[in-house]
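Going down the list, the protein sequences come from chains Z and X.
Last residue of the first sequence? That's 271 in our numbering, and every number before it is there in order.
Last residue of the second sequence? That's 262 in our numbering, and every number before it is there in order.
No residue lacks a Cβ here, since even glycine has one placed at the ideal position from N, Cα and C.
Please read the structure below before turning to the comments.
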Amino acid sequence: MLKILKYSFYDLIRSRWSYVYFLFYLTLGFVLLFLNNDVSKAVITLMNVIIVLIPLIGTIFGVMYYYNSKEFTELLLAQPIKRSSIFLGQYFGVAGSLTLSLVLGLGIPFVLYGLYRSNAIFDFTLLLVTGAFLTFIFVGLSFVIAISNENKIKGFGYAVLLWLFLAVVYDGLFLMSLIVFEEYPLDTFSLVATALNPIDLSRILILLKLDISALLGYTGAIFKKFFGTDLGFVVSMAILLLWTVLPILGLRYKAKRKDF
Amino acid sequence: MIIEINNLHKKFGKNQVLKGVDLTIEEGLIYAVLGPNGSGKTTLIKSILGMVIPNKGQISVLGEPIKKGWKYRKKIDYLPQIANFPPNIKVKELIHMIKDLRNSPAAEEELITVFGLEPFLNKKLSTLSGGTKQKVNIVLTFMFDSPLIILDEPTTGLDPKALIRLKELIQKERARGKTILITSHIMQFVEEMANEIVYLLEGEVYFKGSIAQLLGQTEQTDFEHAIAAITTHNHA
């Protein structure tokens, strides 16, 4: 698997899109620091951009890479390599190179700005960690969608729909259900509903670490009570990890059964 | 025997491609797998390679069932039908990569000279013509030393000179005691190369035997006509 990972990773590192992605974060990081002049504020703004953008880029990159490397995959399938190694190697190659672009792209401006001397270092690290999680989750989901759909257009469509659902529609449904059922106690419901969507979960996790939960009112207090504690933190990380592992298992399952 | 296939079934959606194929491949011979378009030749070969997963039936390669295994592919050199290569890498890099992935000794230099590929080593695969791609494909297949060689339409796009080289190469490997499985629609090529004919029809083995047996059974004097006549006589 490591050899496949190596080739996929090098292949992507050499591609133009990785640089575009890297430069985008680099510019974003510098611009935000320059305009805000405050690391904490920059982290919040970054969070808003990242939480939506990372899943989108992960989804699109994942689907594109899968379909574009079809020839390579077929070549590999006839070689003495385990099937799951081929797909997992490609998956980690894509997710790894995207994560590297993110970490370096945002890391460089922040380090130059003097992150080590500010107390936002923990918030910033959390931002990068959740960013990495989101990358792995969404690249994984898009690989599962791509391997399940022979038709490129369909695969692409489903992947973008999934992103749209988790990034936008889910929140809408969530809010609507809160309004419809406002007569009832909704603390547990909103906690669970948040935890089930990796994008929402990441957002809440970062917001709470930034200590602006007061802005969220009563619900914020409940969230703080849960997610703000060490236990809540561990549980949320575990859920993110679960979200990462499930698509990988799905990918393995699909890879074992597919005909080429 | 080097390959043993029992009661192999494969369905793609509603399309039943293989309907109970039974086949034994003995060591040291050249087999030609023939049949009309869509008779299941490529599916059969891909099943042996584990690229297609059968619905029913068993395949053993070199005495071991291949189900869920992958190490047995080290014993097989496979030439895919259409050379689908990653477009953005150079010929040299591709050869190096496959060597690295297989992790076995390879003799690619001689083959590169034989097929005159030196001028193309630093070119990207997307810029190569169909015939040149096929030559690269052949180099990638024959550079390893495996006991079983599977060639899916090896003659596609080759010029006469390269075709002669390919025939020599196949005979050389045969002389070294290797088993070779070929699919082809070029009957002249098959007649020249094959010791045994396996004729697939509608997902079943319709005929298996030598060319002489085929000529005798179909009462034809010419191989090409015998293949064409094979389905009109009932002698399976």
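So the beta strand (DSSP E) residue i belongs to, where does it begin and stop?
i: S86 of chain X; result: 82 to 87
i: D185 of chain X; result: Unbroken run through D185 of chain X: none, as it is neither H nor E.
i: V43 of chain X; result: 41 to 51
i: K37 of chain X; result: 29 to 38
i: T205 of chain X; result: 205 to 209
i: G235 of chain X; result: 230 to 235
i: Y225 of chain X; result: 222 to 227
i: L105 of chain X; result: 102 to 105
i: L60 of chain X; result: 56 to 60
Indicate whether at least one CB of chain Z lies closer than 7 Å to the CB of residue i.
i: M169 of chain X; result: no
i: F111 of chain X; result: yes
i: I29 of chain X; result: no
i: I79 of chain X; result: yes
i: L127 of chain X; result: yes
i: K149 of chain X; result: no
i: H261 of chain X; result: Its pLDDT being 49, under 50, H261 of chain X is placed unreliably in this model, and the value from its coordinates should be taken loosely. Chain Z, which has no Cβ nearer than 7 Å to the Cβ of H261 of chain X, makes this no.
i: L75 of chain X; result: yes
i: R99 of chain X; result: yes
Going by Cα to Cα distance, which pick from the options is closest to residue i?
i: L109 of chain Z; options: Z:I148, Z:S95, Z:R94; result: Z:I148
i: T257 of chain X; options: X:I31, X:P106, X:L226; result: X:L226
i: V31 of chain Z; options: Z:G116, Z:D198, Z:V60, Z:P91; result: Z:G116
i: A132 of chain X; options: X:D103, X:P145, X:N110, X:Q107; result: X:D103
i: I65 of chain Z; options: Z:L202, Z:F192, Z:A178, Z:L242; result: Z:A178
i: L101 of chain Z; options: Z:V122, Z:F271, Z:Y78, Z:T136; result: Note on identity: in this sequence residue 101 of chain Z is Gln, with Leu being the wrong assignment. It is Z:Y78 whose Cα lies nearest to the Cα of Q101 of chain Z.
i: V203 of chain Z; options: Z:F234, Z:A106, Z:L44; result: Z:F234
i: T139 of chain X; options: X:I223, X:T153, X:V162, X:L120; result: X:V162
i: E30 of chain X; options: X:I92, X:N63, X:I79; result: X:I92
i: V43 of chain X; options: X:K101, X:I56, X:L55, X:S73; result: X:S73
i: F98 of chain Z; options: Z:V74, Z:L111, Z:L253, Z:G118; result: Z:V74
i: I15 of chain Z; options: X:K125, X:E144, X:F168; result: X:K125
i: N32 of chain X; options: X:G64, X:N41, X:P62, X:L70; result: X:L70
i: V114 of chain Z; options: Z:V105, Z:A157, Z:T136; result: Z:T136
i: M248 of chain Z; options: Z:F33, Z:I217, Z:I156; result: Z:I217
i: R128 of chain X; options: X:E135, X:F170, X:K149; result: X:F170
i: E90 of chain X; options: X:M77, X:F111, X:A252, X:M27; result: X:M27
Establish whether the CB of residue i and some CB of chain X are separated by less than 7 Å.
i: K236 of chain Z; result: no
i: V89 of chain Z; result: The residue you asked about is not Val; residue 89 of chain Z is Ala in the sequence shown. Closer than 7 Å: yes.
i: F154 of chain Z; result: no
i: D134 of chain Z; result: no
i: F271 of chain Z; result: yes
i: K14 of chain Z; result: yes
i: E82 of chain Z; result: yes
i: K93 of chain Z; result: yes
Here's the rule I'm using: 16 or more other beta-carbon atoms within 10 Å means buried, otherwise exposed. How should residue i be labelled?
i: A262 of chain X; result: Bear in mind that the predicted position of A262 of chain X carries a pLDDT of just 45, short of 50, making it unreliable; the figure below should be weighed with that in mind. It counts as exposed.
i: P258 of chain Z; result: buried
i: L166 of chain X; result: buried
i: T84 of chain Z; result: buried
i: G66 of chain X; result: buried
i: S236 of chain X; result: exposed
i: L13 of chain Z; result: exposed
i: F192 of chain Z; result: exposed
i: A201 of chain X; result: exposed
i: S152 of chain X; result: exposed
i: F45 of chain Z; result: exposed
i: V54 of chain Z; result: buried
i: T209 of chain X; result: buried
For the alpha helix (DSSP H) containing residue i, list its first residue and its last residue.
i: G107 of chain Z; result: 94 to 124
i: F6 of chain Z; result: The shown model of chain Z, from 12 to 271, leaves out residue 6 of chain Z, and the question about it has no answer.
i: L177 of chain Z; result: Note, L177 of chain Z: premise wrong, no alpha helix (DSSP H); not H, not E.
i: L246 of chain Z; result: In the sequence as displayed, the identity of residue 246 of chain Z is Val instead of Leu. Here the alpha helix (DSSP H) through V246 of chain Z covers 241 to 268.
i: A204 of chain Z; result: 198 to 207
i: Y76 of chain Z; result: 50 to 79
i: A131 of chain Z; result: Note, A131 of chain Z: premise wrong, no alpha helix (DSSP H); not H, not E.
i: D248 of chain X; result: Unbroken run through D248 of chain X: none, as it is neither H nor E.
i: D22 of chain Z; result: 13 to 24
i: D178 of chain X; result: It is not in any alpha helix (DSSP H) - D178 of chain X instead sits in the beta strand (DSSP E) that spans 174 to 178.
i: T167 of chain X; result: 156 to 168
i: I115 of chain X; result: Neither: I115 of chain X is in no alpha helix (DSSP H) and is coded neither H nor E.
i: Q214 of chain X; result: 213 to 219
i: K72 of chain X; result: 67 to 75
i: V140 of chain X; result: 134 to 140
What residues of chain B sit near residue i, judged by a beta carbon separation below 8 Å?
i: L86 of chain Z; result: The structure shown contains no chain B; its protein chains are Z and X.
Taking 6 Å as the cut-off, is the beta-carbon of residue i closer than that to any non-hydrogen atom of the ligand SAH?
i: F238 of chain Z; result: The ligand SAH is not part of the structure shown, which contains no ligands of any sort.
Given 8 Å as the limit, is there contact between the region 176 to 196 of chain X and the region 149 to 168 of chain X, that is, 3 or more CB pairs closer than that? Counting Cβ pairs under 8 Å, three or more are found: they touch.
Check whether the region 138 to 148 of chain Z touches the region 207 to 215 of chain Z, taking contact to mean three or more Cβ pairs, one atom from each stretch, closer than 8 Å. Touching, per the Cβ criterion.
For the region 197 to 204 of chain X and the region 246 to 258 of chain Z, state whether three or more C-beta atom pairs, one from each stretch, are separated by less than 8 Å. In short, these stretches do not touch, since the Cβ pair count stays below three.
Check whether the region 54 to 62 of chain X touches the region 211 to 225 of chain X, counting contact only when three or more Cβ pairs, one atom from each stretch, lie closer than 8 Å. Segment contact: the region 54 to 62 of chain X against the region 211 to 225 of chain X, three or more CB-CB distances shorter than 8 Å; contact assigned.
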